[in-house]
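> Provided herewith is a single structure, encoded as structure tokens, for subsequent inquiry.
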Amino acid sequence: MQHYNMNLTLKVWKQKNSKAKGAFETYKVSGISSEMSFLEMFDVLNEQLVAEGKEPIAFDHDCREGICGMCSMYINGRAHGPWHQTTTCQLHMREYKDGDTIVVEPWRANSFPVIKDLVVDRGAFDRIIAAGGYISVNTGNAQDANSLPIDKQKADESFAAATCIGCGACVAACPNTSAMLFVSAKVSHLALLPQGDPERKTRATNMIHQMDTEGFGSCTNIGACEAECPKGISLENIARLNREYIGAVFSGSAEG
Amino acid sequence: MNWKQSFSTSIGKKLQMSLTGLFLILFLIVHCYINAQVFYNDGGVRFNEAAHFMGTNFVIRTVELGLFAFLILHIVQGLLLWAKNRARRTVKYAVSAGNKTSPWYSRSMALLGTLILLFLVVHLSKFWGPNRLSMTTGHGELPLYKMMYDEFQITWVLIVYLLGVFALAWHLLHGFYSAFQTLGLGTHKYKGIIKGIGVAFSIIVPLIFALMPIAFYMHWLCGPVADCVK
């Protein structure tokens with residue numbers, strides 16, 4: 035693809051802290067290369083702001099290779115921008131033309147309070163994981179991996195669920211701010227494996243209880259989460275979570 | 371968890387919507403079948419027989435109470451969920467994805483449901499309400515076929531019915547699949563079948579419902595027995 039430079043207008047959400055009322059601010063950036071990533075374009079803007087003696091825009095980023103899940107930006111109405119199964123850091127400026135206006139907002143959900151500008155607090159996800167997204171392992175030598183045979187199909191499905199990077203795009207994209215896709219991925223990747231089986235009932239109920247406590251909305255099977263997930267986590271995981279829940283609370287056992 | 375707790379979590383409330391919704395889907399099949407008797411075009415003989423059975427059979431009348439209980443639960447829980455979900459994003463997005471990430475009808479279930487509810491108020495006040503009132507006050511059953519024939523000559527009634535059925539079709543298009551997804555059946559193997567049957571159901575059933583008022587309005591069906599000269 036032909037390389038080109040572009041000038042852009044950015045409307046970015048600025049918010050001092052979680053208490054303050056935010057507002058959009060308009061910025062102009064020039065000479066942006068079509069080969070830059072979206073975050074590199076923000077780096078250019080921030081350097082420009084620093085040079086002008088203004089405060090740079092706060093945004094989350096870490097690995098910049100699409101696996102950490104930090105780069106939460108809602109770009110022109112889309113979580114992580116318009117590309118399919120892509121994080122913001124992997125969105126490249128060749129998507130845009132000279133003269134475009136781009137609106138950038140933080141993840142908007144009351145369960146993800148804005149810390150500053152585009153940075154949101156996703157601690158609610160950590161607390162959901164702490165409520166049951168693990169297996170209890172006795173100390174001592176790890177047993178040989180081959181002593182636990184696992185069906186290939188299940189291993190693959192479990193792995194597909196485990197690719198969830200906890201970025202929160204599902205919550206951001208959901209009209210109800212539901213965290214079901216995230217929770218379903220975390221429950222699925224353990225429920226499919228023998229290691230996760232002993233605690234599956236308490237895991238499902240405890241994680242859902244924590245999800246409700248954090249104030250995430252209720253899932254209504256709209257499917258925007260699946261459409262926006264950078265890792266392509268399927269709605270089939272939500273079906274599995276529903277089955278895990280039904281199995282846990284209606285089986286009549288004390289655990290549920 | 372006890373029964374109350376099991377149905378009170380976010381998934382528990384989904385299950386309330388799913389199970390009541392599936393019951394309402396079953397009701398639609400029965401309602402549609404009974405009403406389709408008018409297409410025998412026999413002046414309402416078969417239709418009135420079926421309506422008489424539905425209105426007087428003890429089991430059916432008992433299930434009718436359950437129907438209203440489930441209907442009210444579906445409406446109240448649905449509206450509560452809608453209000454709570456909306457309140458969970460206090461600051462709205464300036465730009466939204468619109469139809470790029472989800473179909474409009476899936477996002478508009480509360481609106482479509484409310485339209486169906488408004489339609490139901492009109493619908494029940496025209497047929498079910500007066501008929502049950504007449505029965506409980508000892509005046510006997512009303513001639514329902516004649517009432518349908520008369521009501522559907524009125525243009526605004528026809529329009530209200532067509533709008534109601536239109537809202538029902540879109541509500542079902544999401545609701546049918548969604549009910550099964552909530553029960554955990556949206557798996558690789560079943561998802562396609564459920565969606566397929568859901569689309570067919572959402573077209574066929576509302577279409578049959580829509581055909582009734584149209585058929586009366588267009589005089590494709592004859593009037594009550596006395597006027598129905600074969």
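So the sequence lines, in the order shown, correspond to chains A and B. Numbers given in the numbering used here equal positions in the first sequence, counted from 1, plus 34. Numbers given in the numbering used here equal positions in the second sequence, counted from 1, plus 370. Note that CB positions come from ideal geometry on N, CA and C, so glycine has one too.
Could you tell me whether the Cβ atoms of L553 (chain B) and S388 (chain B) are closer together than 8 Å?
Cβ distance < 8 Å, so L553 (chain B) and S388 (chain B) count as in contact.
> Quick one: Cα of C204 (chain A) to Cα of L543 (chain B), how far?
Rounded to whole angstroms, C204 (chain A) to L543 (chain B) spans 23 Å at the Cα level.
> Tell me which residues of the stretch 241-271 of chain A have at least one Cβ-Cβ distance to chain B shorter than 8 Å, keeping chain order.
If the cut-off is 8 Å between Cβ atoms, the stretch 241-271 of chain A has I242, H243, M245, D246, G249, F250, G251, S252, C253, T254, N255, I256, G257, A258, A261, E262, L269, E270 near chain B.
> Within a Cβ cutoff of 8 Å, which residues of the same chain sit near F58 (chain A), ignoring the five residues on either side of it in sequence?
These residues qualify, in order along the chain: K45, V46, W47, K48, V137.
> Does M107 (chain A) pass the burial test, meaning 16 or more other C-beta atoms within 10 Å, or should it be called exposed?
Burial call: buried.
> Given that a residue counts as buried once 16 or more other Cβ atoms are within 10 Å of its Cβ, and exposed if not, what is W278 (chain A)?
The sequence given here places Glu at residue 278 (chain A); Trp does not occur at that position. The residue is buried, with at least 16 neighbouring Cβ atoms inside 10 Å.
> Does DSSP classify G166 (chain A) as helix, strand or coil?
Three-state DSSP puts G166 (chain A) in coil, outside helix and strand.
> In this structure, what does DSSP give as the bridge partners for K48 (chain A)?
Answer by DSSP bridge pairing, in chain order: A:A57.
> Is there at least one Cβ from chain B nearer than 8 Å to P209 (chain A)'s Cβ?
With 8 Å as the cut-off, P209 (chain A) counts as an interface residue toward chain B.
> So the candidates are A:F93, A:N110, A:D132, A:I149; which of them puts its Cα closest to the Cα of Y38 (chain A)?
It is A:D132.
> Just the Cα atoms here: how many angstroms apart are P90 (chain A) and Q551 (chain B)?
Each residue's Cα considered, the two are about 45 Å apart.
> Going along the chain, which residues of the stretch 125-139 of chain A sit with their C-beta nearer than 8 Å to a C-beta in chain B?
Cβ contacts with chain B: V137, E139.
> With a threshold of 8 Å, are at least 3 pairs of Cβ atoms found where one atom belongs to the stretch 224-232 of chain A and the other to the stretch 161-170 of chain A?
Short answer: they touch.
> Could you give the uninterrupted runs of the beta strand (DSSP E) lying entirely in the stretch 107-193 of chain A, keeping only those of 3 residues or more?
The qualifying runs are 135-139, 148-150.
> May I have the straight-line CA-CA distance separating E260 (chain A) from Y519 (chain B), to the nearest angstrom?
E260 (chain A) and Y519 (chain B): Cα-Cα distance of roughly 48 Å.
> Check whether the stretch 459-468 of chain B and the stretch 193-204 of chain A touch, using three or more Cβ-Cβ pairs below 8 Å as the test.
Because the criterion of three Cβ pairs below 8 Å is not met, the stretch 459-468 of chain B and the stretch 193-204 of chain A do not touch.
> Got a sec, what are the start and stop residues for the alpha helix (DSSP H) A467 (chain B) sits in?
First-last for A467 (chain B): undefined, no H or E at that position.
> Within a Cβ cutoff of 6 Å, which residues of the same chain sit near S476 (chain B), ignoring the five residues on either side of it in sequence?
Correct list, in chain order: H544.
> Which residues of the stretch 554-578 of chain B have a Cβ closer than 8 Å to any Cβ of chain A? Give them in chain order.
Against chain A - using a Cβ distance shorter than 8 Å - the residues of the stretch 554-578 of chain B are G554, L555, G556, T557, H558, K561.
> Could you name the residues that DSSP lists as bridge partners for L42 (chain A)?
According to DSSP, L42 (chain A) bridges with A:V63.
> To the nearest angstrom, report how far apart C263 (chain A) and T120 (chain A) are at their CA atoms.
Their backbone Cα atoms lie some 8 Å apart in a straight line.
> Leaving aside the five residues before and after A258 (chain A) along the sequence, list all residues of the same chain whose C-beta is less than 6 Å from its C-beta, in chain order.
So the qualifying residues of the chain are A207, C208.
> Output needed in chain order: residues of the stretch 48-74 of chain A with a Cβ under 8 Å from some Cβ in chain B.
Cβ contacts with chain B: G56, F58.
> Any beta-carbon of chain A closer than 8 Å to the one on A421 (chain B)?
False, the Cβ-Cβ gap to chain A never drops below 8 Å.
> Check whether the Cβ of R161 (chain A) lies closer than 8 Å to any Cβ atom in chain B.
False, the Cβ-Cβ gap to chain B never drops below 8 Å.
> Just to confirm my understanding: we take V148 (chain A), look at its own chain, exclude 5 residues before and 5 after, and list those with CB closer than 7 Å. What are they?
Counting only Cβ-Cβ distances below 7 Å, and skipping sequence neighbours, we find Q49, S52, G56, P140, V154.
> Do you know offhand how far P473 (chain B)'s Cα is from M582 (chain B)'s?
Their Cα atoms are separated by approximately 29 Å.
> Run down chain A in chain order and give the residues with a C-beta less than 7 Å from the C-beta of I381 (chain B).
By Cβ distance, chain A contributes I242, N276, Y279.
> Please check if any C-beta of chain B sits within less than 8 Å of the C-beta of R237 (chain A).
Answer no: the Cβ-Cβ gap between R237 (chain A) and chain B never drops below 8 Å.
> What do you reckon, are the CB atoms on I162 (chain A) and M35 (chain A) nearer than 8 Å?
Cβ distance not < 8 Å, so I162 (chain A) and M35 (chain A) don't count as in contact.
> Per the contact definition of three or more C-beta pairs closer than 8 Å, is the stretch 494-505 of chain B in contact with the stretch 558-576 of chain B?
Output reads no: the stretch 494-505 of chain B does not touch the stretch 558-576 of chain B.
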